[in-house]
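Following: one structure in structure tokens, then a few remarks.
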Amino acid sequence: MTMQKTGPVARKELCFDGLFPWQEKVLASSAPRIIAATSRQAGKTTLATMLAARYAYNNPQSLVLVCTPTLRQGKMLAEKVFPLLDLPSKGSLECNLTNGSQVVFVPDSPDAMRGHRPHCVVLDDATSITEETGFLLEAYSASCPEVSIVLLSTPKVGRRGFFYRIWSSNGAWERHAVPAYELPTISVDYLLRAREELGENRFKAEYMAEFVDSGEPHICESYD
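Just so we're aligned, residue 745 is where the sequence shown starts under the numbering used here, counting upward by one.
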């Protein structure tokens, strides 16, 4: 993403503390297309809020669209974005900054997305997004190279859907794989219990960042 630090903003910089290394790497990236396949509890929703807030903060007169599978998830993200920008939420799904930028939270709805002309799109829990919305995002990616797009999800549905299509494509996406063993907050004992409770394939999908189908799992490799 391109981060321009100009315009009437209240503070000189938006800073975030206590991040995982993979979150820091994504935040530091200037790639216009980013896709991250992560373990559970990797902080992808937290990262989605940070990305949305920072893009709007650093790019005056911009529109950031945050898409979630449900309205409830969108409200939860909105409640986290407003404090990052020192703004009261009041239950709103639209965050208006003093620099003219706006962050809008929409549920999984192609019609809702078509009503906006975003400069940046962030999808949280992207594997739960419908195929219709996925096709719209793929069209955005192909026809609007100036729009920054970030897709974040656990690869829980395996080798199907638009999230997997983008991950496995030859497109110019920066890919990040985040298995649980890279997260200091998840212990080996916890993972052993999770493997026993979930079974091998589901464990690989939800904790090892692997795209699993009826055959062998597709291991998520991480690319810079």
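By construction, the Cβ of each residue, glycine as well, lies at the ideal position given by its N, Cα and C atoms.
These numbers were taken from a predicted model, which means no experiment stands behind them.
Exercise. If you compare alpha carbons, which of Lys824, Val891, Asp933, Val956 is closest to Arg903?
Worked result: If you number the sequence shown from 1, residue 903 lands on position 159. Nearest option by C-alpha distance: Val956.
Exercise. Taking the C-alpha atoms as reference points, what is the distance between Tyr925 and Pro765?
Worked result: Here residue 925 refers to the residue found at position 181 of the sequence shown. Here residue 765 refers to the residue found at position 21 of the sequence shown. Distance between the alpha carbons of Tyr925 and Pro765 is about 13 Å.
Problem set entry | Unbroken alpha helix (DSSP H) run spanning Glu882, endpoints | If you number the sequence shown from 1, residue 882 lands on position 138. Looking at the DSSP string, the run of the alpha helix (DSSP H) that includes Glu882 is 875 to 887.
Problem set entry | Beta-carbon proximity check, His920 vs Val770, cutoff 8 Å | Within the sequence shown, numbered from 1, the residue matching residue 920 stands at position 176. Within the sequence shown, numbered from 1, the residue matching residue 770 stands at position 26. Judged by beta-carbon spacing, Val770 lies within the 8 Å limit of His920, meaning their Cβ atoms are closer than that value.
Exercise. So, is Pro827 buried or exposed, given that buried needs 16 or more other C-beta atoms within 10 angstroms?
Worked result: For the purposes of this step, residue 827 is taken as residue 83 along the sequence shown, with counting starting at 1. Exposed, because fewer than 16 other Cβ atoms sit within 10 Å of the Cβ of Pro827.
Problem set entry | For Glu838, the first and last residue of its enclosing beta strand (DSSP E) | Stepping through the sequence shown from its first residue, residue 838 is reached at position 94. Note, Glu838: beta strand (DSSP E), 838 to 840.
Problem set entry | Opening and closing residue of the beta strand (DSSP E) in which Ala780 lies | To locate residue 780, count along the sequence shown from 1; it is residue 36. Counted as a single uninterrupted DSSP element, the beta strand (DSSP E) harbouring Ala780 occupies residues 777 to 782.
Exercise. In angstroms, rounded to a whole number, what distance separates the CA positions of Gly835 and Thr789?
Worked result: Position 91 of the sequence shown, counting from 1, holds the residue named residue 835. Position 45 of the sequence shown, counting from 1, holds the residue named residue 789. Each residue's alpha carbon lies about 18 Å from the other.
For this session: State yes or no: is the C-beta of Tyr801 within less than 8 Å of the C-beta of Leu841?
Result: Counting from one through the sequence shown, the residue named residue 801 turns up at place 57. Counting from one through the sequence shown, the residue named residue 841 turns up at place 97. For Tyr801 and Leu841, yes; Cβs fall inside 8 Å.
For this session: Could I get the ranges of all uninterrupted alpha helix (DSSP H) runs contained in the stretch 764 to 836, with 4 residues as the minimum, in chain order?
Result: Within the stretch 764 to 836, the complete alpha helix (DSSP H) runs of at least 4 residues are 765 to 772, 788 to 802, 815 to 828.
For this session: Give the straight-line distance between the Cα atoms of Pro862 and Glu768, rounded to the nearest whole angstrom.
Result: The sequence position of residue 862 within the sequence shown is 118, counting from 1. The sequence position of residue 768 within the sequence shown is 24, counting from 1. Computed Cα separation, rounded: 24 Å.
Problem set entry | Exposure of Cys759, with buried meaning 16 or more beta-carbon neighbours within 10 Å | Start at 1 with the first residue of the sequence shown, and residue 759 comes out as number 15. Under this definition Cys759 is an exposed residue.
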